[in-house]
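Have a look at the structure below, then the notes.
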Amino acid sequence: MTKTLSVLATLLFATAAHATPAPKQPSTPSVDPLAGMNMDQQMELCDHLETLKKQNKPFSPKMQQQLKACQAMTMESVPDTAPDATQDR
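Residues 97 to 185 (our numbering) are what the sequence shown spells out, left to right.
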């Protein structure tokens, strides 16, 4: 009976330990790859990266992050279509 209790206790603790979720790693805050540049510098860098992309040049990981930031910036600045009221005129 002692062996049965020790086996059950072992199974109970093993199951409880296995079911406990691991602590989450603190997420690193995302850093803006275009930080520290004024708008003219950002536009120049974005133009340069687009040129390299068209030439099929390889990108470093930092350059890939900068290109994504440029594309996100471009997508945000695209104006919406005119409201329906102005399209009817």
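Here a beta-carbon is modelled for each residue, glycine too, at the ideal position from N, C-alpha and C.
Here the structure is a predicted model, which means the values were calculated and not measured.
- Contact check for Q161 against L145 fails: the beta carbons are separated by 8 Å or more.
- In terms of CA proximity to D136, C166 leads the group T100, C166, M97.
- Taking 8 Å as the cut-off, the Cβ atoms of Q138 and L148 do not count as close.
- For D128, the CB contacts under 8 Å within the same chain, skipping 5 residues up- and downstream, are A165 in chain order.
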